[in-house]
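K.L.:
Residue numbering for the sequence shown follows numbering that gives the first Met the number 0, starting at 0 and increasing by one per position.
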Amino acid sequence: MPPRMLSHDAYRVGWICPLQVEQIAAMLMLDEEHESLPQLPADHNVYKLGSINNHNVVIAGLHQPGNCPAATVVAQMRMTFPNLRYGLLVGIGGGVPVETDYGTIRLGHVVVSKPTSIHSGAVQYDHGRARAGDFERTGALAPPPAALLNAAQSLAVQRAMVDCDPVWEDTQRMQTSRRSLPRFKFPGVANDHLYQSDYIHQRAGASCEEGGCDPGQRIERPIDDGDESFVVVHRGTIASGELVVKDAELRDRLAQQYGLLCFEMEAAGALADFPCIVIRGISD
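(1) Can you tell me where the alpha helix (DSSP H) holding Tyr-257 begins and where it ends?
(2) Per DSSP, what kind of secondary structure is Asp-191 in: helix, strand or coil?
(3) Taking the C-alpha atoms as reference points, what is the distance between Glu-248 and Gly-93?
(4) Leu-193 to Asp-251, Cα distance in whole Å?
(5) Would you report the Cα separation of Lys-184 and Ala-203, rounded to the nearest angstrom?
(6) Inspect the beta-carbon positions of Pro-96 and Gly-120 and report whether they are closer than 9 Å.
(7) When burial is assigned at 16 or more other CB atoms within 10 Å of the CB, is Leu-83 buried or exposed?
(8) Taking the Cβ atom as the reference point for each residue, do Arg-279 and Ile-15 lie within a distance shorter than 9 Å?
(9) Going straight from the alpha carbon of Pro-81 to that of Glu-219, what length do you get?
(10) Given that a residue counts as buried once 16 or more other Cβ atoms are within 10 Å of its Cβ, and exposed if not, what is Met-160?
(11) Tell me, which residues are paired with Arg-234 by DSSP?
(12) Considering just the uninterrupted stretch of the beta strand (DSSP E) at Ala-121, what are its terminal residues?
(13) Three Cβ pairs or more, each shorter than 8 Å: is that satisfied between the stretch 266-280 and the stretch 137-151?
(14) Are the CB atoms of Glu-265 and Gly-65 within a distance shorter than 9 Å?
(15) Buried or exposed: Phe-134, going by 16 or more other Cβ atoms within 10 Å of its Cβ?
(16) How would you write the range of the beta strand (DSSP E) that Ser-50 sits in, first residue to last?
(17) I need the straight-line Cα distance from Val-239 to Met-0, nearest angstrom please.
(18) Using a Cβ-Cβ cut-off of 8 Å (strictly less than) and excluding sequence neighbours within five positions of Cys-261, which residues of its own chain qualify?
(19) In chain order, what residues of the same chain have a beta carbon less than 6 Å from the beta carbon of Met-26, not counting five sequence neighbours either side?
(20) Count the other CB atoms within 10 Å of the CB of His-54; is the residue buried (16 or more) or exposed (fewer)?
(21) Applying the criterion that 16 or more other CB atoms from any shown protein chain within 10 Å of the CB defines a buried residue, is Gln-123 buried or exposed?
(22) Identify whether Val-56 lies in helix, strand or coil by the three-state DSSP scheme.
(23) When DSSP labels each residue in this structure, what does Gly-211 get in the three-state scheme?
(24) Assuming Val-166 contacts Val-230 (C-beta within less than 8 Å), just tell me the rounded distance between them.
(25) Can you tell me where the alpha helix (DSSP H) with Glu-135 in it begins and where it stops?
(26) What do you reckon, are the CB atoms on Thr-115 and Gly-235 nearer than 9 Å?
(27) To which residues of the same chain is Gly-138 closer than 6 Å at the C-beta, ignoring the five residues directly before and after it?
(28) Quick one: residues in its chain with C-beta nearer than 8 Å to the C-beta of Cys-67, no 5 flanking neighbours on either side, listed in chain order?
(29) Going by DSSP in three states, Ala-271 sits in which element: helix, strand or coil?
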């Protein structure tokens, strides 16, 4: 049966995927794929159209990471699909090893943006002004729309009441070994190593074993005795900025200052003009 072709006005959800692997994962989550639609001349995005649980979805990637590319993709997407109401910014992020109501954030966990008494769910930590030899952060990002916050809360309740995690079951649909994506599979808790914040890793881009990092600098953490077939989801404040934070001491200072759970690079651009919820899988 050929894919259906809907109208531009039929799509209500925009799904932004900064990286290629994130876009692959999004496309594998579709219940149904739709025929492509014509775009405005000023819209240079490449879309994948489909539906998930009867919601018509527009999926778009970024040609490069960062807040400015994200803002451009959102602006062009909304020109072509004028009825978009909600945005999902989904991808990977760098976790902060802090404790939440669901335990310590670890590799393979998920962080979902949620407003707190201080922040809207996302913080642009590198936007501000220098004053008297110090940096003062300015501005605030829009909070996720109430409908998406309610949906996230409802999903959390549903997951707490079932034996089989529906999130985990969905990830199994990807069949990464059959799609040449084995390197993106969860490596297991035994490979989730956390080092002292002041320790300098020996070789950038290499694993700690390959780079010869000192195992004596690892922080001993109890092996998570939870079920690996249940995805742990934390909710709180996500940091967005143009920096790739590789400094653990800087990470910890910013996390303590703003109550952060993870870092990423696109939310500030998307949230400038689109009601989004940010969802990040912890990959490092």
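Just so it is clear, CB atoms sit at the ideal spot from N, CA and C, and this is done for glycine as well.
P.N.:
In this structure, then:
(1) Looking at the DSSP string, the run of the alpha helix (DSSP H) that includes Tyr-257 is 247-257.
(2) Coil.
(3) Taking the straight line from one Cα to the other gives about 14 Å.
(4) For Leu-193 and Asp-251, the distance between alpha carbons rounds to 13 Å.
(5) Distance from the CA of Lys-184 to the CA of Ala-203, rounded to the nearest whole angstrom, comes to 21 Å.
(6) Between Pro-96 and Gly-120, the gap from beta carbon to beta carbon reaches 9 Å or more.
(7) That one is buried.
(8) In terms of Cβ geometry, Arg-279 and Ile-15 do not form a close pair [threshold 9 Å].
(9) Whole-angstrom Cα-Cα distance: 51 Å.
(10) Exposed is the call here.
(11) Residue pairing of Arg-234 in beta bridges, as defined by DSSP: Val-111.
(12) Taken as a continuous stretch (DSSP letters only), the beta strand (DSSP E) holding Ala-121 covers 121-123.
(13) Segments in contact, yes.
(14) In this structure, Gly-65 sits near Glu-265, with a CB-CB distance shorter than 9 Å.
(15) If you draw a 10 Å sphere on the C-beta of Phe-134, you find fewer than 16 other C-beta atoms in it, and that means exposed.
(16) 46-51 is the extent of the beta strand (DSSP E) around Ser-50.
(17) It should be pointed out that residue 239 corresponds to Ser in this sequence rather than to Val. Approximately 42 Å, taken between the alpha carbons.
(18) Apart from the 5 residues on each side of it in sequence, Cys-261 sits with its Cβ closer than 8 Å to the Cβ of Gly-92, Gly-93, Gly-94, Val-95, Ile-104, Val-110, Ile-237, Ala-238, Arg-279 and Ile-281 in its chain, given in chain order.
(19) Hits under 6 Å: Lys-47.
(20) Result: exposed.
(21) Around the beta carbon of Gln-123, 16 or more other beta carbons sit within 10 angstroms, so the residue counts as buried.
(22) In this structure, Val-56 counts as strand in the three-state DSSP scheme.
(23) The DSSP-derived three-state label of Gly-211 is coil.
(24) Contact flag correct, Cβ pair sits at about 5 Å.
(25) Here Glu-135 belongs to no alpha helix (DSSP H); instead the beta strand (DSSP E) covers 133-136.
(26) Yes. Within cutoff.
(27) If we look at Gly-138 and ignore the five residues flanking it on each side, its Cβ neighbours are His-126.
(28) Closer than 8 Å at Cβ, skipping near neighbours: Gly-268.
(29) DSSP places Ala-271 in coil when its eight states are reduced to three.
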